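Asker:
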Amino acid sequence: MRRVIVATPSCPAELPLLATCWTIAGDVLPTAVSPQSPFPLERRLQAAAQAGFRGIGLWYGDLLQQSQLKGGLNSLRRQLDSLGFEAIELESLVNWFGEGDARQASNAHRALFLQAAAELGARHLKIIPPMPGSTVNTAALVDAFGELCEEARAVGLRIAMEMMPMSTLPTLADNLAIVEAAGASNGGLLVDIWHVQRSGFGAMQGLARLPTTALMAVELNDAMAKPGPELFQATLNDRLPCGEGEFDVTGFIRALWQAGYRGPMGVEILSPRFRALEPEAAAHLSHDSSAAALAACA
Numbered sequence: 084m085r086r087v088i089v090a091t092p093s094c095p096a097e098l099p100l101l102a103t104c105w106t107i108a109g110d111v112l113p114t115a116v117s118p119q120s121p122f123p124l125e126r127r128l129q130a131a132a133q134a135g136f137r138g139i140g141l142w143y144g145d146l147l148q149q150s151q152l153k154g155g156l157n158s159l160r161r162q163l164d165s166l167g168f169e170a171i172e173l174e175s176l177v178n179w180f181g182e183g184d185a186r187q188a189s190n191a192h193r194a195l196f197l198q199a200a201a202e203l204g205a206r207h208l209k210i211i212p213p214m215p216g217s218t219v220n221t222a223a224l225v226d227a228f229g230e231l232c233e234e235a236r237a238v239g240l241r242i243a244m245e246m247m248p249m250s251t252l253p254t255l256a257d258n259l260a261i262v263e264a265a266g267a268s269n270g271g272l273l274v275d276i277w278h279v280q281r282s283g284f285g286a287m288q289g290l291a292r293l294p295t296t297a298l299m300a301v302e303l304n305d306a307m308a309k310p311g312p313e314l315f316q317a318t319l320n321d322r323l324p325c326g327e328g329e330f331d332v333t334g335f336i337r338a339l340w341q342a343g344y345r346g347p348m349g350v351e352i353l354s355p356r357f358r359a360l361e362p363e364a365a366a367h368l369s370h371d372s373s374a375a376a377l378a379a380c381a
């Protein structure tokens with residue numbers, strides 16, 4: 084059965100929080116060849132639930148490992164249900180538009196994500212846009228996005244393409260153009276405050292004008308106003324809990340509320356400080372700081 088958040092929030096303070104996988108993963112980087120948390124998945128799930136998160140993010144490596152255990156993904160589904168998680172995020176699919184060996188590897192990940200969506204009742208799958216060096220053209224990208232959305236629709240899954248300023252689609256407008264051209268009702272944007280803030284002057288001002296139907300997922304965090312010299316490294320290392328940096332987090336939340344977004348607010352904090360934390364400490368700090376930001380918008 085598809086897992087959904089039943090209650091309709093009446094103000095931003097009531098939006099549910101979702102712990103993205105890297106926030107509570109410990110000493111592991113998404114860029115590792117085969118990233119695996121040093122902490123068991125069960126411990127991370129319990130830490131997130133005990134901290135108050137109502138949603139959880141699951142990485143491909145966790146899904147693969149769980150699918151190979153006795154009980155498979157059905158056992159994981161029972162655990163998620165017992166902990167009360169209402170929204171499940173799957174992370175993340177790359178090269179969904181590619182060719183050759185890269186596409187073959189992507190298709191294997193895609194198959195497991197779709198299986199997991201069906202068995203776990205996942206809400207959305209995060210996908211990564213093309214990075215510099217990609218030769219995919221706009222028409223092919225639109226077709227690939229539409230095809231992925233069609234496959235996802237069959238298992239009740241949303242597709243959320245993350246706007247990233249270091250990609251070949253560096254602005255909200257660039258990403259929105261792909262989404263609107265594909266015309267899939269279950270396909271849209273993942274809007275992370277870090278990437279919006281780093282994408283240039285005026286990006287924050289455009290949030291409230293985004294079509295509600297294009298908003299599939301959101302991520303909160305904070306950082307200092309000026310990033311490091313290399314954006315890709317900065318996004319992995321300079322994120323802070325909400326309220327500890329210089330981003331206008333409450334303005335970001337209010338703008339998305341004005342745009343009509345009523346889904347879960349993901350919390351994604353990547354930094355050496357967070358990678359050194361036990362899951363319980365990371366979960367409580369990330370949840371409580373983000374909940375305070377939501378409460379400030381009431």
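Heads up: the sequence shown at position 132 corresponds to 215 in the working numbering, and the numbers run straight through without jumps. Each residue gets a CB set at the ideal place from its N, CA and C atoms; glycine is no exception. Computed from a predicted structure; not experimentally measured.
Sorted by chain position, which residues of the same chain lie with C-beta nearer than 7 Å to Pro310's C-beta, five sequence neighbours on each side aside?
Answerer: For Pro310, where only same-chain residues beyond five positions count, the Cβ hits under 7 Å are Arg281, Ala317, Asp321.
Asker: Which of the three DSSP states is assigned to Met287 in this structure?
Answerer: Helix, per DSSP.
Asker: Return helix, strand or coil for Gly326, following the three-state DSSP convention.
Answerer: Gly326 falls in the coil class under three-state DSSP.
Asker: Can you have a look at Met307 and say buried or exposed, based on whether 16 or more other CB atoms are within 10 angstroms of its CB?
Answerer: Looking at its Cβ environment, which holds fewer than 16 other Cβ atoms inside 10 Å, Met307 is exposed.
Asker: Nearest to Val279 by alpha carbon, out of Ala338, Cys94, Glu234, Ala227?
Answerer: Per the Cα distances, Ala338.
Asker: Which ranges does the alpha helix (DSSP H) cover as unbroken runs of at least 4 residues, wholly within the stretch 231-272, from first to last along the chain?
Answerer: You should have 255-265.
Asker: Are the stretch 280-299 and the stretch 183-199 touching by the rule of at least three beta carbon pairs closer than 8 Å?
Answerer: Segments in contact, no.
Asker: Look up Thr295 in the DSSP assignment and say whether it is helix, strand or coil.
Answerer: In the structure shown, Thr295 sits in a helix (DSSP, three-state: H, G or I).
Asker: With distances taken Cα to Cα, identify the nearest neighbour of Leu208 among Gly183, Ala170, Asn220, Ala185.
Answerer: The option with the nearest alpha carbon to Leu208 is Ala170.
Asker: Return the CA-CA distance between His367 and Asp226, expressed in angstroms with no decimal places.
Answerer: When rounded, the distance between both Cα atoms is 41 Å.
Asker: Could you tell me the distance, in whole angstroms, from the CA atom of Gly270 to the CA atom of Leu255?
Answerer: If I take the Cα positions, the gap works out to 14 Å.
Asker: How about Gln149 and Leu176: are their beta carbons less than 8 Å apart?
Answerer: Contact: no.
Asker: Is it the case that the Cβ atoms of Pro362 and Arg127 are separated by a distance below 8 Å?
Answerer: Against a cut-off of 8 Å, the Cβ pair of Arg127 and Pro362 comes out as a contact.
Asker: Determine the direct distance from the alpha carbon of Glu174 to that of Leu273, and round the result to whole angstroms.
Answerer: So the alpha carbons of these two residues sit roughly 12 Å apart.
Asker: What does the alpha-carbon distance come out to for the pair Val238 and Gly326?
Answerer: So the alpha carbons of these two residues sit roughly 37 Å apart.
Asker: For Leu166, which of Arg292, Gly155, Gln133 has the nearest alpha-carbon?
Answerer: With distances taken between Cα atoms, Leu166 lies closest to Gln133.
Asker: For Pro347, collect the residues of the same chain with a Cβ closer than 6 Å to its Cβ; drop the 5 residues on either side in sequence, then sort them by chain order.
Answerer: So the list reads Pro99, Leu101, Gly138, Ala170, once near-sequence residues are dropped.
Asker: In angstroms with no decimal places, state the Cα-to-Cα distance between Ala143 and Ala222.
Answerer: Reading off the sequence shown, one finds Tyr at residue 143, where the question assumed Ala. Spanning the two alpha carbons is a distance of roughly 28 Å.
Asker: So is Asn157 buried or exposed if we call it buried at 16+ other beta carbons inside 10 Å?
Answerer: By the neighbour-count rule (16 or more Cβ atoms within 10 Å), Asn157 is not buried but exposed.
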